[in-house]
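Trainee:
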Amino acid sequence: MNKWIFKPGVTAVVMTIGALLIAGAFNLFLIPHQLLSGGLSGVAMMIGYITGGNIGWLYLILNVPVLVWGWFIVGRRFIIWSMYTVLASTLFLQLIPVTAIAKDLVLASVFGGIILGVGTGMTLRYGGSSGGFDIIASIITRKRDLPVGSIIFTLNGLVIAALVLYTQDWNLALYSLLSIYIAGKVVDIIHVRHIKVTAFIITTKTEEMLKKLLSHPRGITIIKTRGAYTSAEQDMLMTVRTRYELAELRKTIASIDNRAFVNIVETVGVIGDFRRSKD
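Going by the numbering used here, the final residue of the sequence shown carries number 517, and the count climbs one at a time with no gaps.
(1) If we call anything under 8 Å between Cβ atoms a contact, is TYR413 one with LEU273?
(2) Using C-beta distances below 6 Å, list every residue in its chain close to ASP473, excluding the 5 sequence neighbours before and after it, in chain order.
(3) If distances are taken between C-alpha atoms only, which option among HIS454, GLY366, ARG464 comes closest to GLU486?
(4) Suppose you measure from the CA of ALA201 to the CA of VAL478; what does that come to, to the nearest Å?
(5) In the structure shown, what three-state DSSP assignment does VAL324 receive?
(6) In angstroms, rounded to a whole number, what distance separates the CA positions of TRP309 and VAL402?
(7) Please report how far the alpha carbon of LYS449 lies from the alpha carbon of TYR364, in whole angstroms.
(8) Indicate whether MET253 and THR361 have their beta-carbon atoms separated by less than 8 Å.
(9) Classify THR337 as helix, strand or coil using the three-state DSSP reduction.
(10) Between the C-alpha atoms of ASN501 and MET476, what's the straight-line distance to the nearest angstrom?
(11) Is the Cβ-Cβ distance between THR337 and GLY256 less than 8 Å?
(12) Could you give the residue range of the beta strand (DSSP E) that holds ALA437?
(13) Which same chain residues, not among the five before or five after ILE428, have their C-beta less than 6 Å away from its C-beta?
(14) I'd like the list of long-range same chain contacts for GLY277, defined as Cβ closer than 6 Å, with 5 residues on each side in sequence excluded.
(15) Quick check: the Cα distance between VAL424 and THR392, rounded to an integer number of angstroms?
(16) Can you tell me whether DSSP reads ARG479 as helix, strand or coil?
(17) Using the three-state DSSP reduction, which class does LYS516 fall into: helix, strand or coil?
(18) Taking the straight line between their C-alpha atoms, what separation do you get for ARG456 and GLU483?
(19) Considering only residues of the same chain and omitting the five flanking positions on each side of GLN332, which have a CB-CB separation below 6 Å?
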């Protein structure tokens with residue numbers, strides 16, 4: 239199958255599954271107990287609880303202006319897949335009946351948060367989002383090296399504050415906050431773009447390796463090395479990548495030099511320009 243057909247096909251499947259999980263978390267765990275998911279979906283839930291309106295359609299309507307804004311700021315591919323996920327989530331919200339699988343509020347908030355986090359993390363990892371604050375968080379992480387889940391959690395805290403002010407019910411607010419916190423942590427486990435690793439690659443095929451690796455917008459430093467045992471001189475290439483890019487890096491190195499020695503360490507922080515300039 240042509241790779242240009244296959245790749246969007248895989249992404250569509252992942253986005254559809256993510257949307258299904260998001261809708262399932264809403265209709266099977268959160269909405270039956272009038273808990274909030276936070277973000278624009280949380281706002282849609284609040285309006286739905288108050289007015290009796292259809293939460294799925296409210297979720298779609300609230301996302302339209304954010305998606306339009308993201309179209310000009312984030313990029314078309316990201317927003318197109320986000321639109322797809324929002325539309326798919328809206329459809330699944332109409333199809334999945336609102337039924338309380340877990341009768342206990344703690345179980346509902348915990349498992350609702352886990353399923354929501356998995357669904358959201360899947361959409362983010364494959365280049366889209368579930369809309370709302372995910373898009374805002376993604377815009378922020380393009381400028382600042384911050385965890386997406388933590389940003390979403392902070393923004394959602396504002397929604398919970400609104401819930402407390404309106405209902406004066408701290409139990410629902412705290413259970414909602416628990417669900418949002420768990421969802422944010424699960425997102426950070428799945429969506430690992432913000433986690434950096436440093437790869438030290440010792441190879442005898444420097445030029446071939448550079449030709450392939452420099453096509454990626456990450457800088458590479460060449461360090462001359464000499465083996466203590468053999469006294470053979472080689473080059474060590476040092477590059478910082480995100481953990482999300484690590485699988486691709488390993489595959490590239492193996493395809494060029496399967497005898498290369500690679501040491502990968504987690505990077506605590508990066509100071510300076512992480513993304514190599516295209517100029």
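For glycine and all other residues, C-beta sits at the position ideal for the given N, C-alpha and C.
Mentor: Reading from the atomic positions:
(1) As a first step, residue 413 is located in the sequence shown; it is residue number 175 there, counting from the start. As a first step, residue 273 is located in the sequence shown; it is residue number 35 there, counting from the start. Contact: yes.
(2) The residue labelled residue 473 in the question sits at position 235 within the sequence shown. For ASP473, where only same-chain residues beyond five positions count, the Cβ hits under 6 Å are THR444, ILE460.
(3) Here residue 486 is taken as the residue at index 248 of the sequence shown, counted from 1. The shortest Cα separation from GLU486 among HIS454, GLY366, ARG464 belongs to HIS454.
(4) Any question about residue 201 goes unanswered here, given that the chain covers just 239 to 517.
(5) Position 86 of the sequence shown, counted from the start, is the residue given in the question as residue 324. Looking at VAL324 - three-state DSSP - the assignment turns out to be helix.
(6) Reading the sequence shown from its first residue, position 71 is the one you call residue 309. Reading the sequence shown from its first residue, position 164 is the one you call residue 402. Between the alpha carbons of TRP309 and VAL402 lies a gap of roughly 33 Å.
(7) Here residue 449 is taken as the residue at index 211 of the sequence shown, counted from 1. Here residue 364 is taken as the residue at index 126 of the sequence shown, counted from 1. Answer to the nearest angstrom: the Cα atoms are 26 Å apart.
(8) As a working mapping, residue 253 is identified with position 15 in the sequence shown. As a working mapping, residue 361 is identified with position 123 in the sequence shown. Note that the C-beta distance between MET253 and THR361 is below 8 Å.
(9) The count along the sequence shown starts at 1 and reaches residue 337 at position 99. Correct three-state label for THR337: coil.
(10) For the purposes of this step, residue 501 is identified with residue 263 of the sequence shown, where counting begins at 1. For the purposes of this step, residue 476 is identified with residue 238 of the sequence shown, where counting begins at 1. Near 10 Å, if we compare the C-alpha coordinates of MET476 and ASN501.
(11) The residue given as residue 337 occupies position 99 in the sequence shown. The residue given as residue 256 occupies position 18 in the sequence shown. Cβ atoms of THR337 and GLY256: not closer than 8 Å.
(12) Your numbering for residue 437 matches position 199 in the sequence shown. Taken as a continuous stretch (DSSP letters only), the beta strand (DSSP E) holding ALA437 covers 434 to 441.
(13) As a first step, residue 428 is located in the sequence shown; it is residue number 190 there, counting from the start. Within the same chain, and ignoring the five residues on either side of ILE428 in sequence, the residues whose Cβ sits closer than 6 Å to its Cβ are GLY359, ARG363.
(14) Your numbering for residue 277 matches position 39 in the sequence shown. Excluding residues within five positions, the ones whose Cβ falls inside 6 Å are GLY370, PHE371, ASN394.
(15) Start at 1 with the first residue of the sequence shown, and residue 424 comes out as number 186. Start at 1 with the first residue of the sequence shown, and residue 392 comes out as number 154. Approximately 15 Å between the Cα atoms of the pair.
(16) Residue mapping note: residue 479 aligns to position 241 of the sequence shown, counting from 1. Looking at ARG479 - three-state DSSP - the assignment turns out to be strand.
(17) Counted from its first residue, the sequence shown places residue 516 at position 278. Summary for LYS516: the model assigns pLDDT 45, below 50, so the residue's position carries little reliability; its value from the coordinates is reported in the next sentence. Here LYS516 sits in coil by DSSP.
(18) Taking the first residue of the sequence shown as 1, we reach residue 456 at position 218. Taking the first residue of the sequence shown as 1, we reach residue 483 at position 245. Straight-line Cα distance between these residues: approximately 11 Å.
(19) Numbered from 1 along the sequence shown, position 94 holds the residue referred to as residue 332. Only GLY294 meet the Cβ criterion.
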